[in-house]
Amino acid sequence: MIDALSKEKVLAGDVITIDKTSGKITKLGRSFARSRDHDAMGADGFLAALFAGDTSEIKPELRNQINIKVAEWREEGKAEIIPGQLIQIGFQEEDVTLTADATTVLTSMAMQTTLRYSLNRISCAHMLARK
982 MIDALSKEKV
992 LAGDVITIDK
1002 TSGKITKLGR
1012 SFARSRDHDA
1022 MGADGFLAAL
1032 FAGDTSEIKP
1042 ELRNQINIKV
1052 AEWREEGKAE
1062 IIPGQLIQIG
1072 FQEEDVTLTA
1082 DATTVLTSMA
1092 MQTTLRYSLN
1102 RISCAHMLAR
1112 K
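According to the working numbering, the residues represented by the sequence shown are 982 to 1112, in order.
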C-alpha cells in the first residue's frame, strides 16, 4: 500500500479511493478544506457523501503489513520516525498554535494510547490554552 501511495504521489490534502478488495489506490484530486472552513457553516449547510460504497477501518492484517514495511524501511535507513511530527501536522491542519509543552504532552499521549486519540485532543487543548 505504501508503494501504491508513492506511485500515485499522494500528499496531505489529496483525495483518494482505496479499493477494499484489491487495496488499489486511486488519486481523485485535491481537497483544500480545513476544519476551520466547516466551523463557519450555518445551520442550512449539509454534508454530502464523498465516496460511494462501504467505508471501514483498516483491517489488522493490512495494518500489520504496513508496520512490517515501515520497520524494514527504518532498518534500511529509508524511513525515520520523528516523535511529535504528526502532532505538528495536526496543529497545522487545525490552524492551532500550542506551546512546546503541549506538543510534548500530546506526543506522549499518542505514544501511550493512539495517534488518533491524541490528534482529537488538539482542539480541546487549544481551547483550554485560550482560557
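Built from N, CA and C at the ideal position, the CB exists for glycine as well. As the structure is a prediction and not an experimental result, all values here were calculated from the model.
Go ahead and pull the three-state DSSP assignment for residue i.
i     : result
R1055 : helix
K1008 : strand
V996  : strand
L1079 : coil
A1060 : coil
V991  : coil
S1003 : coil
R1044 : helix
R1111 : helix
F1065 : Before going further, note that residue 1065 is Gly rather than Phe in the sequence given. G1065 falls in the coil class under three-state DSSP.
R1097 : helix
E1074 : helix
Taking C-beta to C-beta, are residue i and residue j nearer than 7 Å?
i     : j     : result
K1059 : I983  : no
S1099 : L1087 : yes
K1008 : E989  : yes
I997  : V991  : yes
G1071 : T1084 : no
A993  : I1006 : no
According to the neighbour-count rule (16 or more other Cβ atoms, all chains shown, within 10 Å of its Cβ), is residue i buried or exposed?
i     : result
R1011 : exposed
A1081 : exposed
S1003 : exposed
I1063 : exposed
I1047 : exposed
A1106 : buried
I1068 : buried
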